[in-house]
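Colleague: If you're matching positions, the sequence shown starts at 6 in the numbering used here and goes up one per residue.
Ideal placement from N, C-alpha and C gives every residue a C-beta, glycine not left out.
From a predicted model like this one, the values you see are computed outputs, not experimental measurements.
Starting off with a structure, shown below.
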Amino acid sequence: MFRAAQRGSGLPPPKPSAVWWCNGCRRTNPGRRFQCTVCKYGNTYDLCAQCVSRAGTLHPRHPFMEVR
């Protein structure tokens, strides 16, 4: 996924990619990201700003929090 910085280069290792997709509409990086607070460990469940309004239907009884 990403390469480690060469030893002795003086550069920090690169940060992991911030690529994500909405579990509601399946779009990649669709803007604001809301994550299920129950399922945030392991396989996360993420919704975009458009889909979070349907969270009660898409992912019932689980609260969501905006990821910044």
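Taking the beta strand (DSSP E) that Arg-38 falls in, what are its first and last residues?
Modeller: First-last of the beta strand (DSSP E) with Arg-38: 38-41.
Colleague: Using the Cα positions of Phe-7 and Gly-47, report the straight-line distance between them to the nearest angstrom.
Modeller: Below a pLDDT of 50, predicted positions are generally treated as unreliable, and Phe-7, at 40, falls in that range; the measurement from the model is reported next regardless. Those two C-alpha atoms are separated by around 20 Å.
Colleague: Enumerate in chain order the residues of its own chain whose CB-to-CB distance from Cys-53 is below 8 Å, with the five nearest sequence positions on each side excluded.
Modeller: Hits under 8 Å: Cys-27, Gly-29, Cys-30, Arg-32, Pro-35, Gly-36, Arg-37, Arg-38 and Phe-39.
Colleague: Quick check on Cys-56: does DSSP put it in helix, strand or coil?
Modeller: Cys-56: helix per DSSP, three-state reduction.
Colleague: With DSSP run on the structure shown, which of helix, strand or coil describes Leu-33?
Modeller: Here residue 33 is Thr; the residue named in the question, Leu, does not match the sequence. Thr-33: strand per DSSP, three-state reduction.
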